[in-house]
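Here's the structure, in structure tokens; my notes come after.
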Amino acid sequence: MLRKLYQCADGVQLLVLQERDAVRVTLNGKIYDLKLVSGSAGAGRANYEAGAITWSLAGDIGTLQDATSPTNPTILAKDCRQQGILPPASAANSIQGTLNFALRNNFSATAQIRVQLLDLKASGESPKAISVRTFNLMGRQPPISFDLSLDSVNAHPSDCCALNAEILVDGKPQYATAKPFPIPDLAHPGPITLNLEPLHRKAVQP
Numbered sequence: 002m003l004r005k006l007y008q009c010a011d012g013v014q015l016l017v018l019q020e021r022d023a024v025r026v027t028l029n030g031k032i033y034d035l036k037l038v039s040g041s042a043g044a045g046r047a048n049y050e051a052g053a054i055t056w057s058l059a060g061d062i063g064t065l066q067d068a069t070s071p072t073n074p075t076i077l078a079k080d081c082r083q084q085g086i087l088p089p090a091s092a093a094n095s096i097q098g099t100l101n102f103a104l105r106n107n108f109s110a111t112a113q114i115r116v117q118l119l120d121l122k123a124s125g126e127s128p129k130a131i132s133v134r135t136f137n138l139m140g141r142q143p144p145i146s147f148d149l150s151l152d153s154v155n156a157h158p159s160d161c162c163a164l165n166a167e168i169l170v171d172g173k174p175q176y177a178t179a180k181p182f183p184i185p186d187l188a189h190p191g192p193i194t195l196n197l198e199p200l201h202r203k204a205v206q207p
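Structure follows, in structure tokens:
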């Protein structure tokens with residue numbers, strides 16, 4: 002099974018697992034299992050469908066569409082071009098993605114980014130972090146790439162978890178994801194984009 006990484010318009014990334022007559026498309030943590038209905042990937046034109054969801058290839062350009070409303074279909078990803086073939090999930094053994102946030106001012110030299118994989122099914126009042134990656138921001142501008150090891154997650158169920166990310170200044174969170182981002186399939190997490198918001202902005206939202 003080939004794992005193909007696509008870069009789409011507006012900074013969207015998606016992962017396509019290619020089989021002979023089917024694909025599994027992962028977009029922002031959501032998985033679509035689609036069957037070939039016309040054409041052939043090898044011939045340069047192919048259409049894969051499951052219900053209202055369609056993944057279409059025309060040459061080297063792909064489009065993911067949701068036609069739940071036939072008169073007003075939603076384009077989930079467009080102008081998708083293959084960037085490369087990734088190693089099998091078992092070999093990669095990590096989650097890759099990018100962090101986006103609106104930079105209002107430069108962070109201090111002590112600013113750090115912390116990405117956590119949380120076990121939402123564990124007992125207790127708050128989710129338990131089962132994998133954590135912390136690294137220095139070092140003046141980098143968004144979008145910022147990250148990867149998080151899954152070495153310690155093998156004993157957990159595939160649908161256990163969600164990602165949370167924070168920007169820490171002097172050890173205190175200043176930006177964070179609005180809520181944990183669910184990972185429905187740890188074996189095939191796909192490329193993920195996390196959007197961070199200033200914490201004071203989150204506090205005033207209902």
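In the numbering used here, the protein residues as written are 2 to 207. Note that beta-carbon positions come from the ideal geometry of N, C-alpha and C, so glycine has one too.
Go through the region 158-200 residue by residue and report every complete run of the alpha helix (DSSP H) that reaches 4 residues or more, in order.
none
So L197 and F182 are supposed to be a Cβ contact under 8 Å. How far apart are they, rounded?
Actually they do not touch by this definition, with Cβ atoms about 11 Å apart.
For A177 and R4, the rounded distance between their alpha carbons
30 Å
For G60, three-class secondary structure by DSSP
coil
Helix, strand or coil: which one does DSSP assign to D120?
strand
CB of L119 within 7 Å of CB of A188, strictly
no
According to DSSP, simplified to helix, strand and coil, what is A10?
helix
Quick check on this structure: which residue in E20, L100 and Q83 has the alpha carbon closest to the alpha carbon of Y288?
Residue 288 falls outside the range modelled here, since the chain spans only 2 to 207, and no answer is possible.
Candidates G60, M139, V116 and S127: closest to A222 by CA position
Summary: the structure shown does not reach residue 222, with the chain confined to residues 2 through 207, and so no result is reported for it.
Residues bridged to G98 [DSSP beta-bridge criterion]
F147 and I193
Helix, strand or coil: which one does DSSP assign to A110?
coil
Assign P141 to one of three DSSP states: helix, strand, or coil.
Looking at the sequence itself, residue 141 is Arg, so the reference to Pro does not match. Correct three-state label for R141: coil.
To the nearest angstrom, report how far apart G52 and G172 are at their CA atoms.
47 Å
Rank L100, R115, I96 and F108 by C-alpha distance to the C-alpha of L16 and give the top, closest one.
I96
For T72, name the three-state secondary structure that DSSP assigns.
coil
Separation of I168 from N73, as counted between CA atoms
38 Å
Just to check my reading of the structure: P185 and I32 have Cβ atoms closer than 8 Å, yes? What is that Cβ distance to the nearest angstrom?
6 Å
Could you check the C-alpha separation between R134 and F147 for me, to the nearest Å?
9 Å
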